[in-house]
């Protein structure tokens, strides 16, 4: 059934029983979230949303057309509602929802990555596997969710084969490598999972479910290696007009392409003048995790340290940073891999992670990851969003702001100078923080050049390598990801807007109070873009 049929038909109701504008907006938002989560079924578990999704079944034939029509239907409902009858906060809610709709419609109108990107199909399963182990769920809920997901895997990969009508070699090769890791990890999970079950029928059924999923993954891997390249030789670009439309909707920033590019390049040049080549040339040594008490404890200690500093500085309340920490291993020089570390709530055991995911990490890298992705960065953002009263705030996380908030934390934590701050004196940490922000800027520029300026893959690869100093192989992998994800690096714009807001507050008060006001204003409505508050 097309989701449009479930939309609230407010305009068809008699005026005497028609809902108020606030209730109409809330109903549209709730219906949109239900449909949006069907397209990203790994996000509800990580955001504390209790609704049911279609799981991997939502990616079957014809779903793209249905989804586009659904989005357009929501947009029509929102336009017919109008904003004149809404109060100030409701108008901001409506703008945030409209921006999400506009961005997703533009992304889905011309692109069909299911046809050429085999890695996309693999990543969906990976994200679901990660989400099913969310610390927001109880152990029994995790076990049930894991088995439900694995039952869907065989049919999902059958549909994936049918969808890949013109697979491109780069993504097929990357998908094969990821499947090798995923299969090994799932085999280990099967052993750990079944050891906890008493011998009997349920244990046998669980083993059979794991085995069928593993068999489907191996068959899909073999099919990718055996099937010839498809007819497509390049990935369809969005084009300048549509890429600009997507970025404006995501960030709220009205820059044209030239101004956006100039602002990012100017910041890269400023970074080069201030830090020289240190941020590009820093060679990170391996950290001995056994000596520092293990990966989980080291990351947790860094998050707690940063939050304690923010509390002493009068910027943030005291909170326990035991939350889920998720990072892309592109931050560690492995662009095609994803690392996820769960730090559950107080009184629970810490999660575990394969130390190989952090190959190349050192103490400064772990500290930067803890600040950016844990507390006071994205972990704090998620914490505040989940605790909000508005359902939109709890689930409608703006990507530009979420990613920008993590970069902003790397920025302001090192600027605190009105209380003792030993983090600010660590040159390796400062260089690593600068490197991570600069990498996001290079990723955004690669996306702009590929989608809006018709750069060939080799041209964009060379530009990325020149800007970051990474190897040619790593630069090419990074650029491929920007090609597949037009919003890669979008957090840079969120970070720039947060800094701009802080400077605006600083025009009328001292820097310490301006920073505190900037943090408070964002966390009070964590789903609004900075420009939605203007």
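Numbering (my numbering), first residue to last: 4 to 537. The beta-carbon is built from N, C-alpha and C at its ideal position, and this holds for glycine as well. Note that the structure is a prediction, hence the values are computed from the model and not measured.
Where does residue i fall in DSSP's three states?
i: residue 120; result: coil
i: residue 52; result: coil
i: residue 108; result: helix
i: residue 86; result: coil
i: residue 530; result: coil
i: residue 471; result: helix
i: residue 421; result: coil
i: residue 448; result: helix
i: residue 66; result: helix
i: residue 188; result: helix
i: residue 523; result: helix
i: residue 176; result: helix
i: residue 399; result: coil
i: residue 168; result: coil
i: residue 490; result: coil
i: residue 93; result: helix
i: residue 242; result: coil
i: residue 256; result: coil
i: residue 478; result: helix
i: residue 516; result: helix
i: residue 439; result: helix
i: residue 264; result: helix
i: residue 430; result: helix
i: residue 183; result: helix
i: residue 230; result: coil
i: residue 321; result: coil
i: residue 391; result: coil
i: residue 161; result: helix
i: residue 377; result: coil
Looking only at its own chain, which residues have a Cβ that is under 6 Å from the Cβ of residue i, when we skip the five neighbours before and after it?
i: residue 210; result: 197
i: residue 352; result: Confidence at residue 352 is low in this model, with a pLDDT of 38, below 50, so its placement is unreliable and the value that follows should be read with caution. If we look at residue 352 and ignore the five residues flanking it on each side, it has no Cβ neighbours.
i: residue 534; result: 255
i: residue 120; result: 174 and 487
i: residue 523; result: none
i: residue 84; result: 27
i: residue 306; result: 324, 373, 377 and 378
i: residue 78; result: 104
i: residue 144; result: none
i: residue 225; result: none
Taking the alpha-carbon of residue i as reference, which of the options has the nearest alpha-carbon?
i: residue 241; options: 175, 86, 472 and 452; result: 452
i: residue 164; options: 207, 117, 203 and 146; result: 117
i: residue 302; options: 272, 309, 370 and 311; result: 370
i: residue 50; options: 91, 133 and 126; result: 133
i: residue 205; options: 376, 147, 60 and 258; result: 147
i: residue 418; options: 436, 401 and 402; result: 436
i: residue 501; options: 525, 484 and 431; result: 525
i: residue 505; options: 305, 521, 201 and 513; result: 521
i: residue 23; options: 489, 90, 73 and 43; result: 90
i: residue 157; options: 222, 187 and 468; result: 222
i: residue 433; options: 416, 33 and 26; result: 416
i: residue 41; options: 446, 271, 67 and 511; result: 67
i: residue 257; options: 186, 145 and 102; result: 102
i: residue 159; options: 62, 448, 259 and 195; result: 62
i: residue 166; options: 176, 125 and 304; result: 125
i: residue 57; options: 39, 314 and 380; result: 39
i: residue 172; options: 186, 200, 181 and 230; result: 230
i: residue 313; options: 519, 45, 82 and 59; result: 519
i: residue 498; options: 459, 375, 318 and 395; result: 375
i: residue 483; options: 74, 462, 470 and 496; result: 462
Looking only at its chain, what residues have a beta carbon closer than 8 Å to the beta carbon of residue i, apart from the 5 residues adjacent to it on each side?
i: residue 71; result: 108, 111 and 112
i: residue 189; result: 132, 213, 216, 217 and 220
i: residue 48; result: 134, 135, 137, 139, 140 and 148
i: residue 95; result: 528, 531, 535 and 536
Going by the C-beta, is residue i closer than 7 Å to any heavy atom of the ligand NAD?
i: residue 469; result: This structure lacks the ligand NAD; in fact it carries no ligand of any kind.
What residues in its chain sit with their C-beta under 7 Å from that of residue i, if we drop five residues either side in the sequence?
i: residue 402; result: 253, 490 and 493
i: residue 86; result: 94 and 97
i: residue 35; result: 77 and 100
i: residue 115; result: 67
Against chain C, with Cβ distances strictly below 8 Å, would residue i count as a contact?
i: residue 82; result: Among the chains in the structure shown there is no chain C, since it carries only a single protein chain.
*Does the region 206-220 come close enough to the region 152-159 that 3 or more CB-CB pairs lie under 8 Å?*
yes
Task: Stretch pair the region 426-443 + the region 401-411: three plus CB contacts closer than 8 Å - done: yes
| request: Count the C-beta pairs between the region 451-466 and the region 260-269 that are closer than 8 Å, then say yes if the count reaches three, no if not. | output: yes
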